[in-house]
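Okay, structure first, notes after.
Numbering (our numbering), first residue to last: 44 to 229.
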(Lines of atoms letter the chains of each structure in order from A; the text may use other names.)
(Lines give C-alpha, C1' and ligand atoms only; values in the text may rest on other atoms or scores of the structure.)
Protein backbone atom coordinates (compact mmCIF):
# COMPACT_ATOMS: atom_id res chain seq x y z
CA UNK A 44 0.00 0.00 0.00
CA UNK A 45 1.24 3.46 -0.91
CA UNK A 46 1.53 6.17 1.70
CA UNK A 47 0.46 9.77 1.37
CA UNK A 48 3.11 12.06 2.83
CA UNK A 49 2.59 15.77 3.50
CA UNK A 50 5.85 17.73 3.58
CA UNK A 51 5.43 21.22 4.99
CA UNK A 52 7.77 24.08 5.84
CA UNK A 53 6.77 25.81 9.09
CA UNK A 54 8.19 28.54 11.33
CA UNK A 55 8.46 28.35 15.11
CA UNK A 56 5.25 30.37 15.35
CA UNK A 57 3.32 28.03 13.03
CA UNK A 58 3.43 30.04 9.79
CA UNK A 59 3.39 28.07 6.53
CA UNK A 60 2.59 30.90 4.08
CA UNK A 61 5.20 32.44 1.80
CA UNK A 62 7.99 29.96 2.59
CA UNK A 63 10.11 31.42 -0.22
CA UNK A 64 10.57 34.48 2.02
CA UNK A 65 11.89 32.75 5.15
CA UNK A 66 13.31 29.34 4.07
CA UNK A 67 16.07 30.48 1.69
CA UNK A 68 18.73 31.06 4.38
CA UNK A 69 18.11 27.53 5.67
CA UNK A 70 18.07 25.61 2.41
CA UNK A 71 21.53 24.09 2.25
CA UNK A 72 23.08 20.86 1.11
CA UNK A 73 21.45 18.76 3.86
CA UNK A 74 17.97 20.07 3.10
CA UNK A 75 18.49 19.59 -0.64
CA UNK A 76 19.60 16.00 -0.10
CA UNK A 77 16.66 15.23 2.18
CA UNK A 78 14.18 16.89 -0.19
CA UNK A 79 15.61 14.94 -3.08
CA UNK A 80 15.34 11.63 -1.20
CA UNK A 81 11.73 12.40 -0.39
CA UNK A 82 10.76 13.45 -3.92
CA UNK A 83 12.43 10.46 -5.56
CA UNK A 84 10.72 8.04 -3.13
CA UNK A 85 7.37 9.14 -4.56
CA UNK A 86 5.82 8.75 -7.99
CA UNK A 87 2.91 11.20 -7.71
CA UNK A 88 2.24 14.68 -6.38
CA UNK A 89 -1.00 15.72 -4.70
CA UNK A 90 -2.05 19.34 -4.29
CA UNK A 91 -4.94 21.65 -3.68
CA UNK A 92 -5.75 24.21 -6.36
CA UNK A 93 -3.59 27.05 -5.02
CA UNK A 94 -0.45 24.96 -4.65
CA UNK A 95 -1.05 23.24 -7.98
CA UNK A 96 -1.44 26.53 -9.85
CA UNK A 97 1.67 28.01 -8.18
CA UNK A 98 3.74 24.92 -8.99
CA UNK A 99 2.39 24.69 -12.55
CA UNK A 100 3.48 28.27 -13.14
CA UNK A 101 6.91 27.81 -11.56
CA UNK A 102 8.31 24.31 -12.11
CA UNK A 103 8.23 24.00 -15.91
CA UNK A 104 10.86 26.76 -16.10
CA UNK A 105 12.96 25.33 -13.25
CA UNK A 106 14.46 22.24 -14.90
CA UNK A 107 17.63 23.98 -16.04
CA UNK A 108 18.28 25.48 -12.60
CA UNK A 109 17.34 22.40 -10.57
CA UNK A 110 18.37 19.55 -12.86
CA UNK A 111 16.85 16.14 -12.28
CA UNK A 112 14.86 17.46 -9.29
CA UNK A 113 12.97 19.81 -11.60
CA UNK A 114 12.61 17.10 -14.22
CA UNK A 115 11.13 14.83 -11.56
CA UNK A 116 8.71 17.52 -10.32
CA UNK A 117 7.47 18.05 -13.86
CA UNK A 118 7.31 14.39 -14.91
CA UNK A 119 5.44 12.91 -11.93
CA UNK A 120 1.70 12.42 -12.19
CA UNK A 121 -0.02 15.39 -10.55
CA UNK A 122 -3.36 15.10 -8.75
CA UNK A 123 -5.12 18.35 -7.96
CA UNK A 124 -8.16 18.53 -5.68
CA UNK A 125 -10.33 21.37 -6.90
CA UNK A 126 -13.92 22.23 -7.69
CA UNK A 127 -13.04 25.39 -9.61
CA UNK A 128 -10.15 24.29 -11.82
CA UNK A 129 -11.37 23.33 -15.31
CA UNK A 130 -8.04 22.37 -16.89
CA UNK A 131 -4.93 20.91 -15.34
CA UNK A 132 -2.23 21.39 -17.93
CA UNK A 133 0.97 20.85 -15.96
CA UNK A 134 2.42 17.63 -17.35
CA UNK A 135 0.41 14.52 -16.58
CA UNK A 136 -2.36 15.85 -14.33
CA UNK A 137 -5.72 14.71 -13.06
CA UNK A 138 -8.38 16.88 -11.41
CA UNK A 139 -10.21 15.34 -8.46
CA UNK A 140 -13.41 17.04 -7.32
CA UNK A 141 -13.53 17.78 -3.59
CA UNK A 142 -16.56 15.54 -2.91
CA UNK A 143 -14.78 12.63 -4.64
CA UNK A 144 -11.41 13.19 -2.94
CA UNK A 145 -11.70 10.75 0.00
CA UNK A 146 -12.74 7.82 -2.20
CA UNK A 147 -10.31 8.67 -5.02
CA UNK A 148 -7.36 9.13 -2.66
CA UNK A 149 -8.18 5.83 -0.94
CA UNK A 150 -8.12 4.19 -4.39
CA UNK A 151 -4.77 5.79 -5.23
CA UNK A 152 -3.27 4.45 -2.01
CA UNK A 153 -4.32 0.93 -3.00
CA UNK A 154 -2.65 1.11 -6.41
CA UNK A 155 0.83 -0.20 -7.06
CA UNK A 156 3.62 2.32 -7.04
CA UNK A 157 5.70 4.54 -4.84
CA UNK A 158 4.33 6.92 -2.23
CA UNK A 159 2.32 10.07 -2.98
CA UNK A 160 3.77 13.43 -1.95
CA UNK A 161 1.91 16.57 -0.97
CA UNK A 162 3.68 19.86 -0.31
CA UNK A 163 2.02 22.17 2.20
CA UNK A 164 -0.87 21.70 4.58
CA UNK A 165 -4.35 22.99 3.87
CA UNK A 166 -7.91 21.87 3.20
CA UNK A 167 -6.84 18.80 1.24
CA UNK A 168 -4.59 17.75 4.14
CA UNK A 169 -7.39 18.29 6.63
CA UNK A 170 -9.72 16.15 4.51
CA UNK A 171 -7.11 13.38 4.41
CA UNK A 172 -6.65 13.50 8.20
CA UNK A 173 -10.42 13.45 8.76
CA UNK A 174 -10.76 10.35 6.55
CA UNK A 175 -7.66 8.51 7.82
CA UNK A 176 -5.79 8.91 4.53
CA UNK A 177 -2.73 10.95 5.55
CA UNK A 178 0.04 8.58 6.59
CA UNK A 179 2.84 10.99 7.46
CA UNK A 180 3.12 14.68 8.23
CA UNK A 181 6.70 15.88 7.84
CA UNK A 182 7.13 19.33 9.33
CA UNK A 183 10.32 21.14 8.35
CA UNK A 184 10.57 23.35 11.44
CA UNK A 185 12.65 26.45 10.67
CA UNK A 186 14.29 28.40 13.52
CA UNK A 187 12.56 31.65 12.65
CA UNK A 188 9.55 33.60 13.89
CA UNK A 189 7.75 35.72 11.31
CA UNK A 190 4.73 37.00 13.25
CA UNK A 191 1.68 36.19 11.13
CA UNK A 192 -0.80 38.98 10.51
CA UNK A 193 -3.74 36.61 10.09
CA UNK A 194 -4.57 33.01 10.96
CA UNK A 195 -4.89 31.94 7.31
CA UNK A 196 -1.09 31.91 7.19
CA UNK A 197 -0.83 29.36 10.03
CA UNK A 198 -0.54 25.58 9.82
CA UNK A 199 -4.11 25.38 11.06
CA UNK A 200 -6.15 28.49 11.67
CA UNK A 201 -9.58 27.16 10.84
CA UNK A 202 -10.57 25.35 14.02
CA UNK A 203 -9.27 22.06 12.62
CA UNK A 204 -7.63 19.80 15.16
CA UNK A 205 -5.96 16.38 15.17
CA UNK A 206 -3.50 14.39 17.25
CA UNK A 207 -0.25 12.94 15.97
CA UNK A 208 2.55 10.74 17.27
CA UNK A 209 6.22 11.45 16.65
CA UNK A 210 7.68 8.86 14.27
CA UNK A 211 11.14 10.34 13.79
CA UNK A 212 13.31 13.42 13.47
CA UNK A 213 16.14 14.61 11.33
CA UNK A 214 18.15 17.66 12.32
CA UNK A 215 20.22 19.74 9.93
CA UNK A 216 23.33 21.61 11.05
CA UNK A 217 21.60 24.96 10.36
CA UNK A 218 18.94 24.28 13.01
CA UNK A 219 16.10 23.03 10.80
CA UNK A 220 14.38 19.99 12.27
CA UNK A 221 12.24 17.69 10.14
CA UNK A 222 9.76 16.11 12.53
CA UNK A 223 7.85 13.19 11.06
CA UNK A 224 4.45 12.51 12.60
CA UNK A 225 1.84 9.85 12.03
CA UNK A 226 -1.83 10.24 12.98
CA UNK A 227 -2.47 9.14 16.55
CA UNK A 228 -4.62 6.07 17.00
CA UNK A 229 -8.22 6.96 17.72
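Virtual Cβ for every residue (Gly too), placed ideally from N, Cα, C.
Note that this is a predicted model, so its numbers are computed, not measured.
| request: Please find out if some non-hydrogen atom of the ligand FMN comes closer than 7 angstroms to the beta-carbon of residue 64. | output: Inclusion of the ligand FMN in the displayed structure is not the case, the ligand content being empty and no account of it being possible.
| Apart from the five residues just before and just after residue 59, which ones in its own chain have a Cβ nearer than 8 angstroms to its Cβ? | 51, 52, 53, 163, 164, 196, 197, 198
| task | Going by CA-CA distance only, name the one from 46, 110, 122, 139 that's closest to residue 99. | result | Taking only the C-alpha atoms, the option nearest residue 99 is 122.
| Rounded separation between residue 182 and residue 129 - CA only | 31 angstroms
| task | With a cut-off of 8 angstroms on the beta carbons, I'd call residue 177 and residue 49 a contact; round off their distance for me. | result | Between residue 177 and residue 49 a beta carbon distance of about 6 angstroms is seen, short of the 8 angstroms cut, so the two are scored as contacting.
| task | Determine contact between the segment 106-114 and the segment 139-153, defined as no fewer than three beta-carbon pairs at a distance below 8 angstroms. | result | no
| task | Please name the residue, chosen from 218, 120, 179, that lies closest to residue 89 on a Cα-to-Cα basis. | result | For residue 89, the nearest C-alpha among the options comes from 120.
| First through last residue of the alpha helix (DSSP H) which encompasses residue 62 | 62-65
| field | Backbone secondary structure at residue 45 - three-state DSSP | value | If DSSP states are grouped into helix, strand and coil, residue 45 belongs with coil.
| query | DSSP on residue 82, reduced to helix/strand/coil? | reply | Looking at residue 82 - three-state DSSP - the assignment turns out to be helix.
| message | Can you confirm whether the segment 57-77 touches the segment 211-220 when touching is taken to mean that 3 or more C-beta pairs between the two stretches lie within less than 8 angstroms? | response | yes
| task | Check the DSSP bridge columns for residue 213 and list the partner residues they point to. | result | 221
| request: Look at the Cβ atom of residue 184, then the Cβ atom of residue 47, and state whether they are nearer than 8 angstroms. | output: no
| Taking DSSP as the reference, what is the three-state secondary structure of residue 158? | strand
| field | Residues bridged to residue 172 [DSSP beta-bridge criterion] | value | Residue pairing from DSSP leaves residue 172 without any beta-bridge partner.
| query | Of the residues 221, 229, 228, which one's Cα is nearest the Cα of residue 78? | reply | 221
| field | Through-space distance from residue 133 to residue 169, alpha-carbon basis | value | 24 angstroms
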